[in-house]
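Here the protein sequences line up with chains A and B, keeping their order.
Numbering follows the working numbering, in which position 332 of the first sequence is assigned residue number 339; successive positions increment by one, without gaps.
Numbering follows the working numbering, in which position 68 of the second sequence is assigned residue number 1447; successive positions increment by one, without gaps.
Ideal placement from N, C-alpha and C gives every residue a C-beta, glycine not left out.
To start, the structure under review is shown below, and the notes come after it.
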Amino acid sequence: MMAGRMAYMELRTGWKGLLIFGLLILVVSAGMVQIFPTFRDSLTEELEGANKVSLELPDEQGGNVTLSWESMENATSYMVLEDSRLSMVTAKLKYKGEETSITFEKDFEEKRYYAVTAVLNETSDPLLIGIATTEEGENPFQELLQNPIYKGFTGGRNVNMLEAKGFITLEFFSWWWMLAGMFIAYLSVSVIASDFENKHMDVLLSTPISRRRYLIEKFGAMTVVALLIILVATAGIAGGLTSINALNEFSADVVFLSLIGCLPFLMVIAAVGVFTAVLFQKVRASMGVTFAFVFAEFFLYAFGGFSKSLEWMKTISIFQYWDYASVIIDDFFKAGDFIVLTILALVLLIIGIWVFEKKDIPA
Amino acid sequence: MIEIENLTKMYGNHVGVKDLNLAVRKGEIMGFLGPNGAGKTTTIRSCLALLAKTAGEITIFGLDSHRDAVAIREKTGYLPGEFGLISSVKVSSYLKYLLSLRGYERTEKMMSLAKRLELDLNRKTNELSKGNKLKVGIIQSLMGDPDLIIMDEPTSGLDPLMKQEFYRILREEKKGGKTVFMSSHILADVERVCDRVAIIRKGQVKVMEEIQALQEKTGKVLEVEFGDPFTIDEFKLEGVSEIQQDNGRIVLTIHENLDGVIDAVSKHRILNMNLKTYNLEQLFLKYYAQGDSERGDA
Ligand SMILES: Nc1ncnc2c1ncn2[C@@H]1O[C@H](COP(=O)(O)OP(=O)(O)OP(=O)(O)O)[C@@H](O)[C@H]1O
Ligand SMILES: [Mg+2]
């Protein structure tokens, strides 16, 4: 008879904020998909560019390396930059001149990257023709995706950015967790801590609502909100994919399955929000700690990917238990992870209830 | 209805109330009187399980205040001393929401209370004046027709006309068999509506008595301003316990023999005269003063 009233009131009074956030998600997720064709075309161009530069390695130690490239119309001269990193941040000028091929001695052991650019005139920036590496059979652009930070978003898988799947895996999910996570963190803290700060708690808890009921209803409202934003994002992406005719690449239910995996992920964040709110009973302190929790979990996961000895960090990060890439790329939904996070969220909620029942309501 | 035994509530090292004993009987209006910081709010919020007790027992409707808190709250209305509302909703939807949390669907009482207290239910909660917000609080505490009504300073902030209406409402509740427990630090408020009063100071109940008995015991105060000379000895009569004099004024505390005193007074030219029916004010002040001397002894 009374069940859900509080959760309903929460949604009712907060509908404006929810609507705005929902629209934001819809626009961003659908809009992001629109970028894909342009992105794909420019990436294709760049990958082709890599073929415009070829590199011949000597058979024996200490021989000569030959680097040659396709000539470009309007080029007044060419520049070759050399670096041991693909990022080219520490690059040195290797050659500047009008030739389309250079030969030099291989007096190094480690890998080297060579970026060839064409100088069109004195005033404009040089144009990249392509990048070559001394490592055989390697594509420098694919290698970029081996960066641990990127790997984190693909669960260590190699993704093909020329497919919508790969694009969405990297480009959507790398910010979605933060947007959705922060939103849920903010909501879950404020719906409870503001009842303390507004001194509304005395009124609410003088009705026959137990403290347990109170928290469960608030948590329930958060679950509904999380589910709603997941549905909106699904609709946004699926709609976006339809508009660029890419829905045949993967279906709307794959999008949904990959996103629904973050429901218990968001519920853990909500439970932490609930817990900190009843512990500190203040919006600011609780919000700070909850945000810190989300970022700490992310960094645990990212650092855990840096080396084998740090792998344990991943296992204590909630990011480890939401493998959207598994759904998108391997077509496999990890139900076990879903259950692990659900249990964690419930355990945190129970601890929150326990703390709440022990504590005084501040006057 | 409410039995509090040896209630102690510590806020860290700070004493809220200490070994407090109090009982509210079914069907009465009990006033809870005390200076700022005496422990009224602490006691009330302990009854509602909003505060965890440090020690002692509170029984309400024969149920344990903390273990059976939800069952108690089903039959209890509460007006907090300080409270906020959900922001930016219509007062009527806010009140209906609180009713729904009680599983109570009838809104007649809410409507009639709003009418009597002259509260516009169509206003938004965030647009209310202090007094109107208090009215919302009063209405929400009564609208679910609870058997027990606990109010923390219900009258501070009501204008005199509203206060009168409020007292009428409380008397009607009492007539309907309801029990009221209300705190205040304004004695006159308590006097006008309460059957009994408990006076609390420094976390302990010092006096718990029928208002009437208290009034008889403490007497009446007669204040007279004379237009001609008089001596104090003229008023040292039977039944007069205290005489104070300053300039042309005299203040008498009278327990009996009122007509004898009036005779004595009427022998002079009277410029002004004021008979306060009771003297709780002084008693109240006496308790505070006593507190100061106790502090000195300790
Ligand atoms: N949260 C708290 N932390 C520490 N001390 C507190 C707290 N709340 C109340 N106290 C102390 O407990 C004592 C009783 O306070 P309480 O609020 O019960 O008084 P009161 O009788 O309601 O006063 P008032 O008439 O001002 O409302 C006071 O000394 C007060 O300082
Ligand atoms: Mg108080």
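Length at least 3, wholly inside the segment 1544-1600 of chain B: the beta strand (DSSP E) runs in chain order: Counting only runs of 3 or more, we get 1558-1563, 1575-1580, 1583-1589.
Which stretch, first to last residue, makes up the alpha helix (DSSP H) that contains B:D1638? Under the DSSP assignment, B:D1638 falls in the alpha helix (DSSP H) whose first and last residues are 1637-1644.
Compare the C-alpha of A:A352 against each of A:V285, A:P271, A:F313 and name the closest. The shortest Cα separation from A:A352 among A:V285, A:P271, A:F313 belongs to A:P271.
Is any beta-carbon of chain B found at less than 8 angstroms from that of A:S47? Looking at the sequence shown, residue 47 of chain A is not Ser but Arg. No, its Cβ sits nowhere closer than 8 angstroms to a Cβ of chain B.
In chain order, each alpha helix (DSSP H) run of at least 4 residues that lies wholly inside the segment 319-356 of chain A: Complete alpha helix (DSSP H) runs here, min 4: 331-337.
For the segment 1580-1599 of chain B and the segment 1437-1457 of chain B, state whether three or more C-beta atom pairs, one from each stretch, are separated by less than 8 angstroms. In short, these stretches do not touch, since the Cβ pair count stays below three.
In whole angstroms, give me the CA-to-CA distance for B:A1677 and B:S1471. Only weak support exists for where B:A1677 lies, its pLDDT of 31 falling under 50; the coordinates are left without a value.
Go through its chain and collect everything with a Cβ distance to A:I368's Cβ below 6 angstroms, but skip five positions before and after it. Within the same chain, A:I368 has close Cβ partners M208.
Candidates B:E1506, B:K1475, B:T1504, B:V1569, of which the one nearest B:M1490 by Cα: Cα-wise, what sits closest to B:M1490 is B:K1475.
Candidates B:M1409, B:V1396, B:G1395, of which the one nearest B:V1559 by Cα: For B:V1559, the nearest C-alpha among the options comes from B:M1409.
Within chain A, the residues that B:E1506 reaches when beta carbons sit closer than 8 angstroms: The CB of B:E1506 never comes closer than 8 angstroms to any CB in chain A; the least such distance is about 15 angstroms.
When burial is assigned at 16 or more other CB atoms within 10 Å of the CB, is B:Q1519 buried or exposed? Here B:Q1519 is buried. Its C-beta has 16 or more other C-beta atoms within 10 Å.
Is the Cβ of B:S1471 closer than 8 angstroms to any Cβ of chain A? It does not; no Cβ of chain A falls within 8 angstroms.
Could you tell me whether the Cβ of A:A370 comes closer than 8 angstroms to any Cβ of chain B? Chain B contact via Cβ: present.
Quick check on DSSP: helix, strand or coil for B:G1675? In this prediction, B:G1675 scores a pLDDT of 34, lower than 50, which makes its location untrustworthy; the coordinate-derived value is nonetheless stated afterwards. B:G1675 falls in the helix class under three-state DSSP.
Is it right to say B:G1482 is buried, meaning 16 or more other beta carbons lie within 10 angstroms of its own, or is it exposed? It is exposed - the Cβ of B:G1482 has fewer than 16 other Cβ atoms within 10 Å.
Does any heavy atom of ligand 2 sit closer than 7 angstroms to the C-beta of B:E1532? For ligand 2, at least one heavy atom lies less than 7 angstroms from the Cβ of B:E1532.
Listed from N- to C-terminal order along the chain, which residues in the segment 209-220 of chain A have their beta-carbon within a distance smaller than 8 angstroms of any beta-carbon of chain B? Those would be D209, V210, L211, L212, S213, T214, P215, I216, S217, in chain order.
Can you tell me which of the three DSSP states A:M8 falls into? Interpretation of A:M8 is limited by its pLDDT of 44, a score under 50 that renders its predicted location unreliable; the figure taken from the coordinates is listed afterwards. In the structure shown, A:M8 sits in coil (DSSP, three-state: anything other than H, G, I, E or B).
Looking only at C-alpha atoms, which of A:L266, A:I175, A:V96 sits nearest to A:G188? When only C-alpha atoms are compared, the closest one is A:L266.
For A:F115 and A:E77, I'd like the C-alpha separation in whole angstroms. The alpha-carbon atoms of A:F115 and A:E77 are separated by roughly 26 angstroms.
If you draw a straight line from the alpha carbon of A:E80 to that of A:I136, how long is it in whole angstroms? Each residue's Cα considered, the two are about 12 angstroms apart.
Considering only heavy atoms of ligand 1, does any lie closer than 7 angstroms to the CB of B:H1359? With chain B covering only 1380 through 1677, there is no way to say anything about residue 1359 of chain B.
Heavy atom of ligand 1 within 7 angstroms of A:A370 beta-carbon: Remark: the shortest separation between the CB of A:A370 and any heavy atom of ligand 1 falls under 7 angstroms.
Residues in the same chain with beta-carbon distance under 7 angstroms from A:E170, minus the five sequence neighbours each way, listed in chain order, please. Excluding positions up to five away in sequence, the list reads E256.
CB contact flag (A:T83, A:D90, <8 angstroms): A:D90 is positioned such that its CB atom lies no closer than 8 angstroms to that of A:T83.
Leaving out the 5 sequence neighbours to the left and right, which residues in its chain are closer than 8 angstroms to B:L1654 when beta-carbon positions are compared? Excluding residues within five positions, the ones whose Cβ falls inside 8 angstroms are K1599, V1600, L1601, E1602.
Got a sec: is the Cβ-Cβ distance from A:N167 to anything in chain B below 8 angstroms? No, A:N167 does not count as interfacial toward chain B.
B:M1522: first and last residue of the uninterrupted beta strand (DSSP E) it sits in: Annotation for B:M1522: no beta strand (DSSP E) segment contains it, and DSSP assigns it neither H nor E.
DSSP three-state label for B:Y1483, please. The answer is coil: DSSP assigns B:Y1483 none of H, G, I, E or B.
Give the C-beta separation of A:T283 and A:V275 to the nearest angstrom, bearing in mind that I take them to be a contact with Cβ-Cβ under 8 angstroms. Not quite, the Cβ-Cβ distance comes to about 13 angstroms (not below 8 angstroms), so this is no contact.
Check whether chain A comes within 8 angstroms of B:R1628, counting only Cβ atoms and requiring the distance to be less than that. So no, B:R1628 is outside the interface.
Would you say the beta carbon of B:Y1390 comes nearer than 7 angstroms to a heavy atom of ligand 1? Result yes, Cβ under 7 angstroms from ligand 1.
Answer with buried or exposed for B:M1561, where buried requires no fewer than 16 other C-beta atoms within 10 angstroms of its C-beta. By the C-beta density criterion, B:M1561 is buried, having at least 16 other C-beta atoms within 10 angstroms.
Tell me whether B:I1381 is buried or exposed, calling it buried when 16 or more other Cβ atoms sit within 10 Å of its Cβ. Buried: at least 16 other Cβ atoms inside 10 Å.
Within 8 angstroms of any Cβ in chain A, is that where the Cβ of B:Y1546 sits? It does not; no Cβ of chain A falls within 8 angstroms.
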